[in-house]
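Protein chains in written order, with this note's numbering: chain A, 20 to 168; chain B, 1162 to 1447.
The beta carbon of each residue, even a glycine, is placed where N, CA and C say it ideally should be.
Here the structure is a predicted model, which is why all the values come from computation and not from measurement.
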Amino acid sequence: MTDLIIFLLLLALGYGFGRYAESKHYQSIIQREAEFRDIPAVTSKFPPLTKPPSDVELVTGSVVISVDYFKRFIAGLRNLIGGRVTAYESLLDRARREAILRMKEEARAFDGYIIFNVKLETSSIHKGRKNGIGAVEVMAYGTVLIKQS
Amino acid sequence: MKYSNPEIPEGINTSVQHPLKEFFLLTGGILGGLLIVIVILTLLADRLAIYIPFELEMELATRVMDEEGADIKPPPIEDYLNRLAAKIAVEQALPAEMQIRVHYVDDELVNAFATLGGHLFMFRGLLEKLPHENAVAMVLAHEVAHIKHRHPIRSMGRGILFGLAIGMVSSTLGSAMTDQVLANTGGLTVLKFSRDQEREADQTALESLYRLYGHVEGADTLFEVLARVSEDASLQMPEFFSTHPLSESRINNIHLFQAEHSTAVNMATESLPSAYAVWLMPAPTE
């Protein structure tokens, strides 16, 4: 019985804090995306030759986000029957967008105006008990073009 | 050429579905599925229990029974009872893997019972009251018949079956559960057999006695002796009655069987070994 109570408590805590953190994070992501919209991040390998000669710099942004207890539980149930793991979709969406934003922040520090050849790497950095995913890391990197003064 | 990152509408890479909705759907569906499995197992418990391998039953029994006395040389009475039980087991055509082990309990209780894993317990109180080998054989044959028909595991019933079923999915959870069931039912001593099971055991016992001795003379002595005991001490019913409910019809069944099979010429009962009384001397208390 105590086990069940502890389990439900963890589930409720995971849900409460997880939901709160997620909605806060999304607010911040949407706001900062608008802020950094003037620095496009594109996947083209090379800038067009028409661009004026620029300095280039490697910029990276990485983020680690942990799974909460609630997400892990429903993902675990999902494992039994299959289907879209919606609990992890928002987790990875947040991680990707946050990584790109951090990369853009670095680009802004270089006073860059566009990032080329953007790539994303994803890895689960902590395998919890029974190999369950504990936290996910997403890294974004690219080449920023800086106007020559 | 113009490069830009347009504002992408939310909800493209994520699901808009509320997480709690998914949670209730998933838990509801999976718990519901489990519930259905439990209901099916419960309904079929009695019929499925006989498919539990006897080896597994023996393993369950050893988990509860302490095998401390295994090294000590068994008392001669236990040897005698085991030899008799082995003969009966042959007559009842027990499968090879069903090993019968008789344990002698030095206690005044007028009782005998069969339990998981082919273990029989015979109490001194009962053995003292039996005048000839045929009566002892009747008790043994009755208990061996319980084992043969898998009555102990069937009486443990759904709890064990469910535990073993869960054990297929999660070994630790399953064995914890069967242990719990064994603990809750008070271990091995309080298995209750149904009236039908007692009747079935009686029938098999009589058939095996008939094959062993050529007649079933003396089989009813067991019940006559017990009836006399309960009259003598009207306050204290022999324990055997509470585990083996005595009814007129059971004695009648014996007489009926006797009447049908009364072809044997020699209806004499086998006498007990001469040392029988000595074997049954209660161990000196310190």
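Which chain B residues sit within Cβ distance under 7 angstroms of residue i?
i: A:V61; result: Y1164
i: A:D112; result: N1174, T1175
Any idea if residue i is buried or exposed, counting beta-carbon neighbours within 10 angstroms, 16 or more meaning buried?
i: A:V157; result: buried
i: A:Y39; result: exposed
i: B:L1396; result: Caution is warranted here: a pLDDT of 49 is assigned to B:L1396, below 50, making its placement in the model unreliable, and no coordinate value can be reported.
i: B:S1165; result: exposed
i: B:P1167; result: exposed
i: B:P1211; result: This sequence places Ile at residue 1211 of chain B; Pro is not what is there. Classification for B:I1211: exposed.
i: B:P1313; result: buried
i: B:G1189; result: exposed
i: B:I1173; result: exposed
i: A:R116; result: buried
i: B:I1249; result: buried
i: B:G1347; result: Here B:G1347 scores only 49 on pLDDT, less than 50, and its place in the model is too uncertain to base an answer on.
i: B:N1243; result: buried
i: B:I1197; result: exposed
i: A:K64; result: exposed
i: A:E54; result: exposed
i: B:T1365; result: buried
i: A:G80; result: buried
i: B:N1295; result: buried
i: B:H1280; result: buried
i: A:D57; result: exposed
i: B:M1317; result: buried
i: B:R1315; result: buried
i: B:V1200; result: exposed
i: B:R1389; result: exposed
i: B:D1381; result: buried
i: A:M122; result: buried
i: A:I119; result: buried
i: A:I134; result: buried
Residue i versus chain A: which residues are under 7 angstroms apart at the beta carbon?
i: B:S1176; result: R103, T105, E108
Could you list which residues in chain B have their beta carbon closer than 9 angstroms to that of residue i, in chain order?
i: A:T141; result: Here the premise fails: no neighbours, minimum Cβ distance about 13 angstroms.
i: A:R97; result: E1183, L1187
On the DSSP bridge list, what partners appear for residue i?
i: A:F135; result: A:T162
i: A:I84; result: A:V155
i: B:H1280; result: B:R1262, B:T1276
i: A:E76; result: A:V163
i: A:S143; result: A:V155
i: A:A60; result: A:I134
What does residue i touch in chain B if you count any residue whose Cβ is under 8 angstroms from its own?
i: A:P67; result: M1162
i: A:R56; result: S1165, N1166, E1168
i: A:I144; result: In chain order: nothing, as chain B lies at least about 21 angstroms away.
i: A:I93; result: P1180, E1183, F1184, L1187
Would you say the beta carbon of residue i is closer than 7 angstroms to some non-hydrogen atom of the ligand MN?
i: B:N1414; result: Here there are no bound small molecules, and the ligand MN is not part of this structure.
**OP:** Name, going along the chain, the residues of the stretch 1179-1209 of chain B whose beta-carbon falls closer than 8 angstroms to a beta-carbon of chain A.
**Re:** P1180, L1181, E1183, F1184, L1187, T1188, G1190, I1191
Original post:
Can at least three beta-carbon pairs, one atom from the stretch 1296-1312 of chain B and one from the stretch 1251-1261 of chain B, be found at a separation below 8 angstroms?
Top reply: yes
Subject >> Sufficient close CB pairs (3 or more, under 8 angstroms) joining the stretch 107-119 of chain A to the stretch 132-141 of chain A >> reply: yes
**OP:** Decide yes or no for the touch test of the stretch 1204-1215 of chain B against the stretch 1408-1418 of chain B: beta carbon pairs closer than 8 angstroms, at least 3 of them.
**Re:** no
Original post:
Can you find at least 3 beta carbon pairs, one from the stretch 29-36 of chain A and one from the stretch 95-106 of chain A, that sit closer than 8 angstroms?
Top reply: no
Original post:
Counting pairs of Cβ atoms below 8 angstroms between the stretch 1175-1187 of chain B and the stretch 73-83 of chain A, do you hit three or more?
Top reply: no
Subject >> Any 3 or more C-beta pairs closer than 8 angstroms across the stretch 1194-1208 of chain B and the stretch 82-96 of chain A >> reply: no
Original post:
Between the stretch 23-48 of chain A and chain B, which residues of the former have a C-beta closer than 7 angstroms to a C-beta of the latter?
Top reply: none
**OP:** Note down, in chain order, all residues in the stretch 115-143 of chain A with a beta-carbon under 7 angstroms from any beta-carbon belonging to chain B.
**Re:** I133
**OP:** Would you check if the stretch 1257-1273 of chain B and the stretch 1284-1300 of chain B touch, i.e. whether three or more CB-CB distances between them fall below 8 angstroms?
**Re:** yes
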